[in-house]
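I have placed the structure first, in the form of structure tokens, so that the comments after it can refer back to it.
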Amino acid sequence: MSKQTGTGTVTVIGLGPMGQAMVRAFLDDGRQVTVWNRTASRADELVARGATRAATVEEALTANELVILSLTDYDAMYAILGPAAGSLSGRVLVNLSSDTPAKAREAAGWAAGHGARYLAGGVQVPPSGIGRPESSTFYSGPKDVFEAHAGSLAVLTGTDYRGEDPGLAPLYYQMQMDIFWTAMTSYLHALAVADANGISAAEFLPYATSTVSSLPGFLAFYAPRIDGGEHPGDVDKLAMGVASVDHIVHTAKDAGVDTALPEAVLGLFRRGVAAGHADDSFTSLIEVFGRTAP
């Protein structure tokens, strides 16, 4: 298969739900798309819609300059591309798989060693958000590479370029996931307490929504204080937080609900008090987390 170049062609490797959504978005935009997946049958519907199925990874790589990776993690990238590394020269790899900043930097070096340019990415939406300009994906790596392919990447979602360091996109993504999974887990815990007390998720929904809707105001209020290294106890005190979370633990226990999650939070609050922050804001916990640690 001869190499195609230009903004109209792309290869997508990895056809899970996210990869399939990406291929459909490219096809809908009139792009020529070459696809490859370990389980070849996952490409059937996409081929029927106009995609080209590559028989091998090498064929997928040499088909186009721009290669999108939608895989489970970076280990999967090495497992798939490693044996085909001789075909990487001249490619632009855009890895939209989830993993750590350190692994993204390592992967960028590995790709460069095989003659490829590399962009790391972090998709901020589920597959249903692909193809929507209001959705967003973090990108990082060489700016000239990003700018050269920004038009193609914008077919998938809006683009948010974070900088030259390839670790930045995964870093921003993982920080977002830190908030998302912790918040959603706390929501499920609250629902378990609600259910134990005969309150349905639908009944509790407006109150949960109200609480979540109030968070942006808190974030905006505390951000400049945190950046300034200031944690005055003029609005809240960590010692009061200990009492509040302790009440949450006992409420869950009385309802027969697992208390591991609020007890973990209570443990952190108590560590903050032990470190001398009883009269400081709960934001002083950022020091307990090791903000200045390397």
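Numbering-wise (the numbering used here), the sequence shown opens with residue 119 and increments by one. C-beta: ideal position from N, C-alpha, C; glycine also.
request  = Identify every run of the beta strand (DSSP E) within the segment 124-183, keeping only runs that are complete inside it and at least 3 residues long; order them along the chain.
outcome  = 127-131, 150-154
CB contact flag (S159, D191, <8 Å) = Position 41 of the sequence shown, counted from the start, is the residue given in the question as residue 159. Position 73 of the sequence shown, counted from the start, is the residue given in the question as residue 191. No, the Cβ-Cβ distance between S159 and D191 is not below 8 Å.
task = Could you pull out every residue in the same chain whose Cβ sits closer than 6 Å to the Cβ of G247, ignoring the five residues on either side in sequence?
result = Here residue 247 refers to the residue found at position 129 when the sequence shown is read from its first residue. So the list reads S253, once near-sequence residues are dropped.
key: When R167, N155, V363, F298 are compared against Q242, the one with the closest alpha-carbon   = Looking up residue 242 in the sequence shown gives position 124. When only C-alpha atoms are compared, the closest one is F298.
message = Among the candidates R343, R209, K355, whose CA atom is the shortest distance from the CA of G390?
response = What you label residue 390 is simply residue 272 of the sequence shown in a count that begins at 1. For the residues R343, R209, K355, the minimum Cα distance to G390 belongs to K355.
message = Using CA atoms only, rank isn't needed, just tell me which of G132, G137, T277 is closest to R156.
response = Residue numbering aside, residue 156 sits at position 38 when the sequence shown is read from its first letter. Taking only the C-alpha atoms, the option nearest R156 is G132.
Distance between G249 and T275 (C-alpha atoms, nearest Å) = What you label residue 275 is simply residue 157 of the sequence shown in a count that begins at 1. What you label residue 249 is simply residue 131 of the sequence shown in a count that begins at 1. Their Cα atoms are separated by approximately 6 Å.
Among A234, P219, G394, nearest to Y257 - alpha-carbon criterion = The count along the sequence shown starts at 1 and reaches residue 257 at position 139. Comparing Cα positions, the closest option is P219.
message = Out of F400, G204, W228, which one is the CA nearest neighbour of H349?
response = The count along the sequence shown starts at 1 and reaches residue 349 at position 231. For the residues F400, G204, W228, the minimum Cα distance to H349 belongs to F400.
ask   = Could you give the C-beta distance for F322 and L306, rounded to a whole number, given that I count them as a contact under 8 Å?
value = Residue mapping note: residue 322 aligns to position 204 of the sequence shown, counting from 1. Residue mapping note: residue 306 aligns to position 188 of the sequence shown, counting from 1. The pair is not a contact, with the Cβ atoms about 11 Å apart (cut-off 8 Å).
message = Check this for me: beta carbons of S270 and V128, under 8 Å apart or not?
response = If you number the sequence shown from 1, residue 270 lands on position 152. If you number the sequence shown from 1, residue 128 lands on position 10. Going by C-beta atoms, S270 is nearer than 8 Å to V128.
message = For H267, count the other beta carbons within 10 Å of its own beta carbon; 16 or more makes it buried, fewer makes it exposed. Which is it?
response = In the sequence shown, the residue the question calls residue 267 occupies position 149. Classification of H267: buried, given that the 10 Å Cβ count is 16 or more.
key: Distance CB(R212)-CB(L189) smaller than 8 Å   = Taking the first residue of the sequence shown as 1, we reach residue 212 at position 94. Taking the first residue of the sequence shown as 1, we reach residue 189 at position 71. Going by the sequence as given, residue 212 is Val instead of Arg. Not closer than 8 Å, so no.
inquiry  = Within 8 Å, do at least three Cβ pairs link the segment 229-242 to the segment 283-299?
reply    = yes
request  = With a 10 Å radius around its C-beta and 16 neighbouring C-beta atoms as the bar for buried, classify M295 as buried or exposed.
outcome  = As a first step, residue 295 must be located in the sequence shown, where it is residue number 177. Burial call: exposed.
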